[in-house]
Amino acid sequence: MDKEIEATFLDIDKVDYRSRLEDAGAKLIQSEILMKRAVFDTGAHSFLRVRDEGRRIVATYKRIEDLSLTGVNEINLEVDNYDNAVNLFVAAGLKIKARQESLREEWALDGVEITIDTWPELPAYTEIEGPSAEAVRKVAEQLGFSMDDAYYGSVDQIYHHYYGVDQEAVNYCSEIVFGKKPKFLE
């Protein structure tokens with residue numbers, strides 16, 4: 001299982017941030033698109049997800065060891081059909097715990113992947129993911145971030161930050177999609 005080495009920074013102004021990325025020499029990999037995902041219950045501190053990323057479809061298993069720069073282990077498998085992948089996991093006995101949507105834009109700088117993410121009812125944020133902690137730190141600092149301000153983990157941490165909601169309520173909300181307020185915020 002691979003380590004996911006990633007830091008998240010909140011409250012991104014997309015227009016300003018895109019300018020900062022361009023000024024730093026980052027390359028746009030994919031313009032902002034709507035991503036859909038099905039998330040399956042695999043027990044405490046882990047999940048399986050099928051996500052349509054526009055240019056590819058990825059099935060991912062993640063296990064969260066701790067909320068740190070290197071605290072998440074993951075396995076990614078590119079698949080060729082979103083519905084078939086979802087149906088495979090359902091047929092294997094896994095239960096879909098959530099259907100989710102988000103907007104994502106992808107950039108690259110010095111071997112590091114940078115995304116601009118927007119989820120329903122949340123301000124935009126960025127994830128900076130790289131091959132090493134040092135690579136992530138270097139790019140984060142180059143873009144004007146302090147690692148002291150980084151968040152780690154999944155989007156449940158971010159909903160908790162803004163709304164104080166229980167992270168399990170986020171993780172087990174059956175639908176987080178645009179145009180419909182998630183049940184945990186009603």
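If you're matching positions, the sequence shown starts at 1 in this note's numbering and goes up one per residue. We treat Cβ as the ideally placed atom computed from N, Cα and C, and that holds for glycine.
- Nearest to residue 5 by alpha-carbon distance, out of 62, 42, 157, is 62.
- In this structure, DSSP gives residue 18 a helical state, which the three-state scheme calls helix.
- Taking a contact as a CB-CB distance under 8 Å, the pair residue 24 and residue 109 counts as one, their CB atoms being some 6 Å apart.
- In the three-state scheme derived from DSSP, where H, G and I count as helix and E and B as strand, residue 104 is classed as strand.
- Bridge pairing for residue 137: absent [DSSP].
- Under a 10 Å Cβ-count criterion, residue 17 is classified as buried, with 16 or more other Cβ atoms of the shown protein chains found around its own Cβ.
- Every unbroken stretch of the alpha helix (DSSP H) spanning 4 or more residues and falling wholly within the segment 110-159 is given here in chain order: 133-142.
- DSSP places residue 59 in the strand class (E or B) of the three-state scheme.
- In this structure, the straight-line span from the alpha carbon of residue 82 to that of residue 76 is close to 14 Å.
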